[in-house]
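Contents: one structure, followed by commentary.
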Amino acid sequence: MEVTERDVERIPLRNLRVPLGEFVAVWSEAERRNTEQAERGVTDWYAGGVIVTCRWLARAVVQPASGPRRLARPPVSRHDECAREELIEAEYLVAELLDIRRPDLVETRPGWCEAIRATLRWAWRSSGTPPIFVSARVAG
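If you want this note's numbering, it's the 1-based position in the sequence shown plus 67.
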């Protein structure tokens, strides 16, 4: 999925604790990296974890493999509620324990759990570095 201007306009700024431009650059780079890897037949679980987290925070509309378009679901709890402050905090807390509660994901989706945690820590808690490197050329 390409991050469009319409996607950016939908992002509730209260869902982010980082500058909007930085968030969009990270989300866009994760989408680009995932597409590039998929074209080579590689599943990039880390990029995927960043993507699903960014899409949920941004309240992006997604097209599932089957079914109608819908708002992105949270990366861990997978309920149908859109991202808002109290739910983002709850999702962050659940994500911190994801690899303990779901050790199967560590093996079957390498990088997935860490990507979700890193994205929420950075975008919501404003802690740490961006979960994906964005070159200065892309960022600015």
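Ideal Cβ placement from N, Cα and C applies to all residues, glycine included.
Return helix, strand or coil for residue i, following the three-state DSSP convention.
i	result
Arg137	strand
Val143	coil
Cys149	coil
Asp74	helix
Ile167	helix
Trp94	helix
Gly108	coil
Arg188	helix
Leu160	helix
Arg84	coil
Label residue i either buried or exposed according to how many other C-beta atoms from any shown protein chain fall within 10 Å of its C-beta, with 16 as the threshold for buried.
i	result
Asp147	exposed
Ser95	buried
Pro198	buried
Arg184	buried
Thr120	buried
Ala150	buried
Do you know whose CA, among the options, lies nearest residue i's CA?
i	options	result
Leu154	Trp191, Gly116, Val85 and Ala105	Trp191
Ser202	Arg73, Glu89 and Arg77	Glu89
Ser193	Arg84, Val70 and Arg176	Arg84
Arg100	Pro79, Arg77, Val70 and Val75	Val70
Val143	Met68, Gly134, Arg136 and Ile167	Ile167
Ala125	Trp179, Val75, Cys180 and Leu187	Val75
Ile118	Thr196, Pro79 and Val93	Val93
Arg77	Glu174, Ala157 and Ala127	Ala127
With DSSP as the reference, identify every bridge partner of residue i, one or two as the case may be.
i	result
Val128	Leu138
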